[in-house]
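Structure first, commentary second.
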């Protein structure tokens, strides 16, 4: 790669070929991030993931993990998959049908003394909440349990990067939020660097810190989830993505009397209905642009908890000719508001104009 | 009842299984996972003994075993006697004739292992040989057991090729199948009947055991 190696990157990936699967991607996975490879089915996401693991070799490829060269096609070099410190959770989990949960995890532990080995297996079983299932074979486990086994097995190698291929695609819709939450907690607790392949933008909004959008084998947008959602310039999402900002917020305090939780997303302070997360925990919030009202004066007598002093960055056309998307900054924190063109006129909204952003407490979606 | 012939048949069967199975596993694995041109041709070659008349196979083997062929000369120098009409010659012929019986069940079993299980094993840090030992071998075990029993049972029953390359030398090449033929030729129907029954029961028991075993091995719960 031409730029100076990024020491904070868990992974640098550059892949290029024109056939049989067209690929033209280059991106970095920041250390400790959850980077989503997002794109429609057949866009080449899974091929990218397999190339990182060394299961697929594009014609031109360069993969560097934390300074260690994994693939360098120019030098004709490729570290065999079994010597790459990757954890791979396959979409269908790919559990070994003839091995018990304990044996699956043990298989991925490599050589170590028997005592240390059992201790590590027990640790991973507890981490993945698999206690009591150690001697079961995959066929006797539920889908959710199988996924946790796959995750524990992937973590057994102490991977430099954890790769997940559509981890929630085959999970019941109702269970997905809980599993996303589990994965996020695990990632934070172990400071993992994670790459997740998904075609569900909910995964991006609720889970990912960084986003690489892929279409036709090429990167169409890349950056932090916060910056990309705030820019509202998400190619290929027209009609699927309602403009919104996705931010990480810290639980500042709980107000049990008023049943509110106070959140702080950098310069943006918000009150929301009580959420189940301890003080100082990080939660992901989403504020849809259509839920943010703009005002020139502080309103009186409204059922409103969040009146936020903001500044207009720019006003852009929106999906409907009568609407405008107003990009705001609260300190250095982005916020979007979808208003009518008429309101832009009457409030005289232009770059740098001060404005009050009104956000109902219930309009802030928080994902613990 | 010709006990020598039965003993010889059992020895031939075991020797064939012992030599053929490892070779056939490698061949089956290559056919199941390899990416190469001409796979169809190789598969046809392996399947050939299934459809060729034993006399045709026997004829070619006999030619190949002869003093004029390099193979015949090589064994002549190795054994100090000709390969044709010897136990070693029978083993070699039996290995070749049984190729499809050993390769096909193993190839099917290996091909039935989902590709991402092998990928997952590599991602778990298993080197290629460990993937074979820990994943492919145990999952293909029912196919391997089927291959072993089919080969063994088929060797006990092989007649045409044995007659062509081995003749009927007691203790050397007269297998139980040949002995039955000899007894019938000599109007000794009683002995022929007893030996035929022994062969029938032996084959039935062997197949029954494998089918049960294969089913039990294929169950993972």
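Protein chains in written order, with my numbering: chain A, 1 to 368; chain B, 1001 to 1221.
Ideal Cβ positions, reconstructed from N, Cα and C, are used throughout, including at glycine.
What you are looking at is a predicted structure, and each value in this text was computed from that prediction instead of being measured.
Under the 8 Å criterion on CB atoms, residue 1170 (chain B) is classed as non-interfacial with respect to chain A. Straight-line measurement puts the Cα of residue 86 (chain A) at about 15 Å from the Cα of residue 30 (chain A). According to the DSSP secondary-structure assignment, residue 198 (chain A) is paired through a beta bridge with A:38.
Between residue 212 (chain A) and residue 338 (chain A), the gap from beta carbon to beta carbon reaches 8 Å or more. Contact between the segment 1050-1067 of chain B and the segment 1003-1010 of chain B is absent, with fewer than three C-beta pairs closer than 8 Å. Interface with chain A (8 Å Cβ-Cβ cutoff): residue 1108 (chain B) is excluded. Residue contact with chain B for residue 88 (chain A): present (Cβ-Cβ distance below 8 Å to some residue of chain B). When secondary structure is reduced to three states using DSSP, residue 306 (chain A) falls in the strand class. According to DSSP, residue pairing for residue 292 (chain A) in a beta bridge involves A:359. Ranking A:320, A:307, A:302, A:34 by CA distance to the CA of residue 165 (chain A) puts A:34 first. Contact of residue 1143 (chain B) with chain A is not assigned, every C-beta pair being separated by 8 Å or more. With its beta carbon at least 8 Å from every one in chain A, residue 1176 (chain B) lies outside the interface. An exposed status is given to residue 259 (chain A), since fewer than 16 other beta-carbon atoms sit within 10 Å of its beta-carbon. Residue 101 (chain A) is positioned such that its CB atom lies no closer than 8 Å to that of residue 48 (chain A).
Residue 223 (chain A) is bridged by DSSP to A:211.
Our two residues, residue 1084 (chain B) and residue 1030 (chain B), have alpha carbons roughly 31 Å apart in a direct line.
In its chain, beyond the 5 residues on either side, 1085, 1089, 1090, 1173 have a beta carbon closer than 7 Å to the beta carbon of residue 1166 (chain B). Between the segment 125-140 of chain A and the segment 73-88 of chain A there are fewer than three inter-stretch CB-CB distances shorter than 8 Å, so the stretches are not counted as touching.
For residue 25 (chain A), the enclosing beta strand (DSSP E) covers residues 23-30. The segment 154-161 of chain A and the segment 193-203 of chain A touch, with three or more beta-carbon pairs separated by less than 8 Å. Counting every other CB atom within 10 Å of its CB across the protein chains shown gives residue 93 (chain A) a total of 16 or more, marking it as buried. A straight line joining the alpha-carbon of residue 1096 (chain B) with that of residue 1057 (chain B) spans about 9 Å. Interface residue (Cβ-Cβ distance to chain A less than 8 Å): residue 1126 (chain B) is classified as such.
Burial is judged here by how many other beta carbons sit within 10 angstroms of a residue's own beta carbon; residue 129 (chain A) has fewer than 16 and is exposed.
For residue 1187 (chain B), the three-state secondary structure derived from DSSP is coil.
Annotated three-state conformation of residue 88 (chain A) is strand, per DSSP. At least one beta carbon of chain A lies nearer than 8 Å to the beta carbon of residue 1122 (chain B). Membership of residue 1152 (chain B) in the alpha helix (DSSP H) is indicated by the continuous run 1137-1157.
Excluding five sequence positions before and after residue 56 (chain A), the CB atoms of its chain that fall closer than 8 Å to its own CB belong to 47, 50, given in chain order. Under the Cβ distance rule, residue 81 (chain A) counts among the residues neighbouring chain B, one pair being separated by less than 8 Å. Inclusion of residue 249 (chain A) and residue 227 (chain A) in the CB contact set at 8 Å is not warranted, their separation being larger than that value. When C-beta atoms of the segment 265-274 of chain A are compared with those of the segment 305-321 of chain A, three or more pairs fall below 8 Å, so the two segments count as touching. Collapsing the DSSP output to three states places residue 1067 (chain B) in coil. Pairing residue 185 (chain A) with residue 143 (chain A) gives a Cβ-Cβ distance that is not under 8 Å. One Cα belongs to residue 1155 (chain B), the other to residue 109 (chain A), and the distance between them is close to 44 Å. If you compare the alpha carbons of A:223, A:291, A:149, A:200 with that of residue 210 (chain A), the shortest gap goes to A:223.
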